[in-house]
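Following: one structure in structure tokens, then a few remarks.
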């Protein structure tokens, strides 16, 4: 069963101990992980990492979580990876430009061509003229068939709000019921508060050590924009901030907006009272109504403590939207320089489809021409013809937006895209995944016995996997009707000669282990490639975690196998979903939220594996109630920093075309 952030903060997915082949009852409901503190569970549920952070810009340990299907989210330094991607983006952009010039001169020339400059129509010093998609400034010159590159020059002009110094509330202010009243919305519109994490009755230095957090009460009318940010000019404190509704529902959370600081910008949908919590990384409240609900003494990496400055404003902030007309299948990328720290795309609905406060373009392949190197970068593949909207916000002052549009590189090309499923075991250069280089991976057949299957079952399982991948990546995309030119060949090592190395052939190697590959993951793709510009990539689906003993983790298929299971059907179904997930990355998809109510083949790892594998309500894999998990609409996973609804089918259906 899927759970919301509000409910999952109490429990995380647990493990049911089941021995393959033994007479066992259906798996029990997941239990709480005893090795995680309440604060850790609250952090993970909110999309905030708990792993030790790498220094700013340094490469964190482990595989890139944007590309990997990790078994344990608690080990992932999400903030560190976001910072690393940002630091590396500029050099990767230069490398991509150089690579394009030698491999695809026509595409390189389009990417390097001068942009048509457009000035914002809204008068400097004002706002409200183009603040929504409904009143967006229309740019009629842009189009992949006319002028596919524009620069928009403008300015964000927020309402002036004063921020007088306000004394910090007295301790204990560690919960919604104990929150200090800021006066925001009642007697003032802004405040500047100097306070300390660690000085309360639950601090580590002077209190009982269960973790100190500070709550602040704010009231706001509908339409007001709350801008809430911390600064830590001195000391080691690394802040995380959370915004709660009065009933304890988590509305927004942020970590590492800039360095050790955090910021939330929240548009109030209806008048009400809100509560901002300031805490330390690794020290979030498990219950916003209980000031003693932190992690407690003895954590491996105790949360930091120290002073911070909190700036709170409630007022109008400028948002600028620009309308561009796209054709179905157009691939756009946009980057912003200057004051805005957030850039987004809305589709024809209009709904937000890729909001970003980061530059993660480092994960594009070398063959991608999409722009990079700005304060924030976004991309989108249009599924319908019509007006789409690029917007910026969260800043004050001048900006420079670059928007570029491209058509799929396979449009009219031969041969068409081939996806090769390799079960034979291969020597793979794992360096492209952050591994140690060339490694020999054991074949799929070596893992059959771990699922209670025999070598005689191998062909049937491969047939089931191939059928599942074909349904996920071909039949469903054709049936969508979005792209009548969609074409994809799916081959496998049982039935076909190995086409790897040929034109427009990407492969997924199914086999090997973490130790063999040197990559600590279940699956990993070479890139995320909106538009499928690089048509010859590799992904891995490693099988040691997936074939571990029942109960070893929620990522083991054996956890869901009982005598009631059709083992061949379930192993085929689960593996085909994991394989389709990795193919989804190098065809253009990001991770979706594994805790929302919409099962999706792009759901991230860490938790929720039963959903990705297609385990039904009975908790047993390979039974009649197992659902068909597909590509489709779902929100981005919060921990990776993107906002909006991702159409994981629409993002890949046009890049695989003829």
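Numbering (mature numbering (1 follows the signal peptide of the UniProt record, and there is no 0)), first residue to last: -25 to -1, 1 to 633.
Note that the Cβ used here is the ideal one computed from N, Cα and C, for glycine as well.
So, helix, strand or coil for residue i, using DSSP?
i           : result
residue 636 : In the structure as shown, the chain begins at -25 and stops at 633. Residue 636 is therefore absent and cannot be evaluated.
residue 613 : helix
residue 326 : coil
residue 267 : coil
residue 56  : helix
residue 16  : helix
residue 543 : helix
residue 363 : strand
residue 337 : helix
residue 438 : helix
residue 483 : strand
residue 498 : strand
residue 294 : coil
residue 489 : helix
residue 636 : Absent from the model: residue 636. The displayed extent of the chain is -25 to 633, so no value can be given.
residue 227 : strand
residue 551 : helix
residue 214 : strand
residue 77  : helix
residue 136 : coil
residue 606 : coil
residue 321 : strand
residue 631 : coil
Taking all protein chains shown into account, do 16 or more other C-beta atoms lie within 10 angstroms of the C-beta of residue i, making it buried, or fewer, making it exposed?
i           : result
residue 88  : exposed
residue 35  : buried
residue 3   : The pLDDT assigned to residue 3 is 32, lower than 50, so where the model puts this residue is not dependable, and the model offers no usable value.
residue 119 : buried
residue 136 : buried
residue 186 : buried
residue 293 : buried
residue 263 : buried
residue 501 : buried
residue 470 : exposed
residue 326 : exposed
residue 350 : buried
residue 314 : buried
residue 365 : buried
residue 70  : exposed
residue 450 : exposed
With a CB to CB cut of under 7 Å and the five nearest residues on each side skipped, what residues in its chain are close to residue i?
i           : result
residue 146 : 174, 175 and 176
residue 253 : 172, 188, 189, 205, 214, 216, 283 and 285
residue 416 : 400, 401, 403, 484, 486, 487, 491 and 492
residue 78  : 342
residue 50  : 26 and 37
residue 626 : 356, 505, 563 and 564
residue 148 : 154, 155, 189 and 190
residue 544 : 439 and 597
In its own chain, which residues sit with a C-beta less than 6 Å from the C-beta of residue i, not counting the 5 before and 5 after it?
i           : result
residue 143 : 168 and 170
residue 494 : 38, 405, 408 and 410
residue 549 : 532 and 588
residue 31  : 58
residue 74  : 341
residue 301 : 357 and 363
residue 508 : 342, 343 and 384
residue 114 : 93, 297 and 299
Mind checking who residue i pairs with in its DSSP beta bridge?
i           : result
residue 413 : 404
residue 465 : 394
residue 241 : 201
residue 249 : 193 and 220
residue 256 : In DSSP, residue 256 forms no bridge with anything.
residue 381 : 306
residue 131 : 372
Is the CB of residue i under 7 Å away from at least one CB in chain B?
i           : result
residue 609 : Absent from the structure is chain B; it holds one protein chain and no more.
Within the same chain, show all residues whose beta-carbon is closer than 8 Å to that of residue i, passing over the 5 residues directly before and after it, in chain order.
i          : result
residue -3 : Annotation note: pLDDT 27 at residue -3 (below 50); position unreliable, no value reported.
residue 41 : 56, 60, 335, 338, 503, 565, 566 and 615
Grab the span of the alpha helix (DSSP H) containing residue i for me, first residue to last.
i           : result
residue 621 : Where residue 621 is concerned, there is no enclosing alpha helix (DSSP H), although the beta strand (DSSP E) it sits in stretches over 620 to 622.
residue 588 : 584 to 588
residue 81  : 80 to 87
residue 452 : 451 to 455
I need the boundaries of the beta strand (DSSP E) containing residue i, first residue and last residue.
i           : result
residue 282 : 281 to 290
residue 628 : Careful: residue 628 lies outside any beta strand (DSSP E), inside the alpha helix (DSSP H) at 625 to 628.
residue 122 : It is not in any beta strand (DSSP E) - residue 122 carries neither H nor E in the DSSP assignment.
residue 634 : Here the chain comprises residues numbered -25 to 633, so residue 634 is not present and cannot be evaluated.
residue 634 : No answer is possible for residue 634: it lies beyond the span of the chain, which begins at -25 and ends at 633.
residue 513 : 513 to 516
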